[in-house]
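In what follows, a single structure is set out as structure tokens and then discussed.
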Amino acid sequence: MKARHWLLIAVFYIGQVGATEPPMPFPSWYLGFVAPDYMDVWLETADVTDIRGDFHAGVMRGVVSIWQPEDGTGDPTRALGPYILGKGISQFTELPQRLFVRWQSLVEPQTYRATVEIPDSARELMRKRERVNCPITGWTDEHRDALAVMLAPGGIVKVWVSGSCFPAIPVARVQAEVEPLGPYGGKSGGRYRSLEPAAKAYLEKHGIPYGSW
């Protein structure tokens with residue numbers, strides 16, 4: 032009887048923990064990454080912890096969304112948006128609690144890492160269904176079902192709640208720390224990936240506009 036008693040308590044407790052967070056009102060949410068014009072990056076890893084405590088390791092790696100016109104007309108200081116999504120993936124069935132990113136800022140070059148706590152206000156925005164004039168379909172009822180993350184020189188991480196129909200809303204800005212092991216966890220002998228030609232040409236002429244993000 033004692034074992035059954037404790038089992039019932041455990042089941043009740045788990046049910047109560049699950050009930051503290053409302054269910055996500057859409058099948059999955061999107062995580063996308065961008066960088067300012069010409070400010071080339073290489074994403075080593077992005078890890079997500081959701082509100083249930085589940086850890087999703089290495090959900091994104093590699094290149095991010097970036098505009099690098101060869102004629103030099105890009106501007107890394109320009110404001111992104113209003114619609115920001117970035118290159119990413121849609122696979123998460125619970126709302127985000129925490130995001131860890133480690134990336135190479137190829138224009139410096141430097142390797143950074145950061146943990147971003149996603150605020151309650153961001154999740155509330157994602158749960159809220161709103162009437163919106165969607166650029167694609169016209170007036171409709173939709174959710175903000177995306178997080179867009181910008182990785183900028185100097186270790187700046189900015190996060191927006193976004194969606195295909197909504198202007199992005201900023202919800203977090205974090206100063207990353209330098210990764211002491213360097214690129215690739217110290218396995219590359221300190222060597223970084225090569226810059227894209229357009230990025231290299233821009234940097235030679237203008238440099239890095241630190242303080243713009």
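If you want the working numbering, it's the position in the sequence shown, counting the first as 1, plus 31. Ideal Cβ positions, reconstructed from N, Cα and C, are used throughout, including at glycine.
Identify every residue that forms a DSSP beta bridge with residue i.
| i | result |
| --- | --- |
| K3 | Residue 3 falls outside the range modelled here, since the chain spans only 32 to 244, and no answer is possible. |
| L74 | G93 and W134 |
| I239 | Looking at the DSSP assignment, I239 forms no beta bridge with any residue, so it has no partner. |
Tell me the rounded alpha-carbon separation between residue i and residue j.
| i | j | result |
| --- | --- | --- |
| S152 | S193 | 13 Å |
| Y241 | V180 | 18 Å |
| L178 | H237 | 30 Å |
| Q122 | M91 | 11 Å |
| Q99 | P107 | 9 Å |
| G89 | W170 | 36 Å |
| R109 | A183 | 12 Å |
Helix, strand or coil for residue i? Go by DSSP, reduced to three states.
| i | result |
| --- | --- |
| A179 | strand |
| R154 | helix |
| P211 | coil |
| K231 | helix |
| G220 | coil |
| T168 | coil |
| F57 | coil |
What whole-angstrom Cβ distance do residue i and residue j have, given they're in contact under 8 Å?
| i | j | result |
| --- | --- | --- |
| L130 | Y61 | Actually they are not in contact, since the Cβ atoms of L130 and Y61 sit about 13 Å apart, beyond 8 Å. |
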